[in-house]
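Notes for the one structure printed next.
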Amino acid sequence: MPKVKVDGVEIEVPQGATVLQACELAGKEIPRFCYHERLSIAGNCRMCLVEVKPGPPKPQASCALPAADNQEIFTTTPMVKAAREGVMEFLLINHPLDCPICDQGGECDLQDQSMAYGKGHSRYDENKRAVTEKYMGPIVKTVMTRCIQCTRCVRFAEEVAGVEEIGAIYRGENMQITSYLEQAVSSELSGNVVDLCPVGALTSKPYAFEARPWELKKTLAIDVMDAVGTNIRLDSRGRQVLRCVPRINDEVNEEWASDKTRHAIDGLVRRRLDRPFVRRDGKLVPATWDEAFAAIRDVNAGSSVAAIAGDLVDCETMFAAKALLAKMGSSLIEGRQTGMDYDTSSLAAVNFNTTIAGVEKADAILLIGTNLRWEAPLVNTRIRKAIKKGAKVFAIGPETDLTYKVEWLGADLSALGNLPEAVTELFGKAARPMVIVGGAALKGAHGASLKLVDQFNLVRTLEDGSAWNGYNVVHMAAARMGGLMLGYAQKGGIADVVSAAPKLAFFLGADEVDFAKFGSSFKVFVGHHGDKGAHHADVILPGATFAEKSGTWVNLEGRVQRGDRAVFAPGDARDDWTIFRALSEVLGQTLPFDTLEELRAAMAAEVPALGKVGLVTFDWAAPSLNATASGTLEGYPIKDFYLTNAICRASPTMQRCSAELVHGETYAEAAE
Amino acid sequence: MADAPNIPDEAEVRARWGNFAWTDENQKKANEILARYPKGREQSCSIPFLDLAQRQVGAETQTQGWLPVPVIEFVARQLGVAYMRIYEVATFYTMFNLAPVGRYHVQVCGTTPCMLRGSDDVLAACKNKGLIKGKTTPDGMFTLTEVECMGNCASAPMVQINDDNYEDLDYDRTVTILEALARGESPKTGTQEPGRHTVEPIGGPTTLTAMVGDNHDYRGEWGA
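Taken in sequence, the protein lines are chains A and B.
Sequential numbering from 1 applies to the first sequence in UniProt numbering.
Sequential numbering from 1 applies to the second sequence in UniProt numbering.
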């Protein structure tokens, strides 16, 4: 542990720390553009210059200089000040003065740092350089004249996203950042370069000219587009969410978010259900809440009632529906809309036990029937990190580009019973082996994959005494783990619900159900978007999206997280749990909670784990299932990454991403 | 970016060069280049491969060669490197042509030493022979480019034409060379100064004169 002196204060820094990190540990702010904690060091912006003794009598780039014992670092000397002013002056030579029309204005590193460390005036009166705009796809808008060539986007694309499609072409003054031949960047993480860009060169295309950062209300929320539970911040103005950006949470999403997380929000104001509807003479007609509730009461369902939870709902909604059903005398609840019926007797056997952050430590990984890049993009980036540290990845399933090197073992699940020697050998000597089972394989190979736990000793105690559980299941629905904890699982899956032929069926934002099988049921859709579920409903009760309610979600690793309300639901729409509370009164089965706090207390009383924010640990107990697997996987459950739920399908941005990036349509850029 | 290369239409280029592959002879050379680097470091071959590809394109088109996009992609596939990485290299180095050039690629050095020694005359000669900067002559013979220092300052001004240098130029010498090339001859390369062989000082040595005959220890004179 080297001891260094920063501005006269002696501190001890970790081995391998850079001078910049040492300064930060000492509480000194070092301006920087190219340096980023999660990317490799480039050292090309020169903004982080400091004076270091011993060393050459000139300022040094602190981001690329290792801290050494007995170093003296100065961050406030005249030399450093002059160096920063000089670098800033050079950077601004070719930077346009268009802050008033730049979307980065107000949250721009260049703006802030030129205020803090710049000279305050310019001595430059030659012509400025201009660079043509580049096309980078439907998410990223480019104004390349503003680019200061920090290459953060290039490094992000290569190192994190795993698509080497952004680069710097030409040289010297002509250097330009561009995507390969100006094609759309084919990454589901491309939106992150917008956050990484320290200037306004890469900005968000859907958000262009929408708002200034200081006029936005910022709400901390949880993303529901996949089961990762990305921590997000919703920026809203008035009644509309204008932007969604990731928050830093090293346990979950680091500081990334997928494009779906970021840009599906424009679907929140489209195709919304903003008033109740009742089906009369085969047509859905607008109704009042009283009429809608009366129609449900008139079904006289008794205890013949079921609830199907959709992919996006929060635990509160599911709990309220479950409580109502319990009052009515039914426990027919199911969350796996598409007919999955895996065993849920032990939640550990359907959980991502290694944890998302734990993936990085794995040294042998076997993917079984999962296209992680689409099912959980931010777990996929962790696997890339594991590979960088030396992990090896095998996969069973149809071959697809996961952005890293994978040894494919074919799409036949029977391979699980007879793994090639390369796999058994690697897993035999691996210290932290892990198996990741995807939705495609859960149907036919849940038992066979659980057998690997014994075969490779996946659940073990590591040398350092910590526990390691290498058995993982990847869910794709934000509501899944919470639903399973609340008991939204019948033994035979949704087929059990169908065969019970309930008179009354609640669909909590469930759009992927095969509604034809519920022909005899009175279908009540409680949800927020006019999608498939609403079309089949007999009564529609308009609810709130994830952005419009305070809710609890459990991500795929069993992490209980709470999001807050950013805006209010439109029109007559209400928080979903209040709908059930009001309906329960009409049905004469009044639920015992009047506030969200009371509901949460009741929920915590039933499932204690849901009462506390944080990671839930499920004790390992593998159910004994049929351990033979057979059948060939034809494909993966997600056919179109950008259109997986009702919010995405209502989002013009996601539709365009789908058309362009999945279906390969080309868009002519309108001349500006 | 007024002088950015005028990259030809992608669809046409793909139709023409989509099937680019090494000739048998170049395949042998490529294997030889590949063998120079350890396994896993194939990216090191980027520059020699691009050069080889450009030469092959040149041989096929009877010109000095250029790098159509499909050829760049071919090189990337040969090395197992992302297209973008090879594209970056091809655009970085001025020796790689991103647009077709003529049979003779005339690269006139215009950097300070050459300029002081008369590169303006060289450019004037080129202009009067119909060569326009950044363009190829209509007969497809010459492409003129002004480049930065080529390291021949001691025999400035100079031009590089294809793989050869022509040094110690003036207006007439440049015209002579261009005319000879146009006739299909191979003019003498290197310095054009009569009596000069390489870049030795004209009129005999001016420094280290004591060393001409035999070895001389200057160290005793340093302090003086």
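No residue lacks a Cβ here, since even glycine has one placed at the ideal position from N, Cα and C.
Between residue 155(B) and residue 167(B), the gap from beta carbon to beta carbon is short of 8 Å. Residue 563(A) and residue 596(A) have their C-alpha atoms roughly 13 Å apart. Contact of residue 171(A) with chain B by beta-carbon distance below 7 Å involves 92.
Runs of the alpha helix (DSSP H) lying entirely within the segment 558-628 of chain A, each at least 4 residues long, are 576-586, 596-606 in chain order. Between residue 396(A) and residue 468(A), the alpha-carbon positions lie close to 23 Å from each other. In this structure residue 252(A) is not in contact with residue 403(A), their Cβ atoms being roughly 20 Å apart against a cut-off of 8 Å. Relative to the Cα of residue 374(A), the nearest Cα in the group 159(A), 438(A), 321(A) belongs to 438(A). DSSP places residue 434(A) inside the beta strand (DSSP E), whose first and last residues are 433-437. Between residue 83(A) and residue 66(A), the CB-CB gap reaches or exceeds 8 Å. Taking a beta-carbon distance threshold of 8 Å, residue 85(B) counts as an interface residue toward chain A.
Cβ neighbours of residue 623(A) within its own chain (closer than 7 Å, five residues either side excluded): 343, 345, 346, 349. The segment 326-406 of chain A contains, as complete beta strand (DSSP E) runs of 3+ residues, the segments 332-334, 364-368, 392-396 (chain order). Around the CB of residue 256(A), 16 or more other CB atoms lie within 10 Å, so the residue is classed as buried. Straight-line measurement puts the Cα of residue 107(A) at about 16 Å from the Cα of residue 117(A). The C-beta distance from residue 386(A) to residue 359(A) rounds to 6 Å, short enough to fall under 8 Å.
Here DSSP, grouped into helix, strand and coil, assigns residue 167(B) to strand. Within chain B, the residues whose beta carbon sits less than 7 Å from that of residue 165(A) are 84, listed in sequence order.
Assigned with DSSP and collapsed to three states, residue 635(A) falls in coil, not helix or strand. Secondary structure of residue 20(B) (DSSP, three-state): coil. Listed along chain B is no residue with a C-beta nearer than 8 Å to that of residue 488(A); the closest approach is about 44 Å. Per DSSP, residue 13(B) has no beta bridge partner at all. In terms of Cβ geometry, residue 69(B) and residue 181(A) form a close pair [threshold 8 Å]. Residue 436(A) is a Cβ neighbour of residue 365(A), given a cutoff of 8 Å.
Under the 8 Å Cβ criterion, the segment 149-169 of chain A counts as touching the segment 28-46 of chain A, having at least three qualifying pairs.
A straight-line Cα-Cα distance of about 28 Å links residue 329(A) and residue 477(A). Unbroken beta strand (DSSP E) stretches of 3 residues or longer found wholly inside the UniProt domain "4Fe-4S Mo/W bis-MGD-type" (216-272) of chain A: 217-222, 231-237, 240-246, given in chain order.
Residue environment analysis places residue 209(A) among the exposed positions, since fewer than 16 neighbouring C-beta atoms fall within 10 angstroms of its C-beta. Taking CB atoms only, residue 161(A) has no neighbour in chain B less than 8 Å away. Within the same chain, Cβ atoms closer than 6 Å to the Cβ of residue 74(B) are found at 20, the five residues on either side in sequence being excluded. For residue 69(B), the nearest CB of chain A lies under 8 Å from its own CB, placing it at the interface with that chain. Under the three-pair Cβ rule at 8 Å, the segment 7-22 of chain B does not count as touching the segment 293-307 of chain A. If you look at residue 283(A), you'll find it in the beta strand (DSSP E) that goes 283-286. With distances taken between CA atoms, residue 610(A) lies nearest to 486(A) out of 522(A), 648(A), 652(A), 486(A).
At a Cβ-Cβ threshold of 8 Å, residue 509(A) and residue 527(A) count as neighbours. Residue environment analysis places residue 211(B) among the exposed positions, since fewer than 16 neighbouring C-beta atoms fall within 10 angstroms of its C-beta. Under the criterion of beta carbons closer than 8 Å, residue 164(B) and residue 189(B) qualify as touching, at roughly 4 Å.
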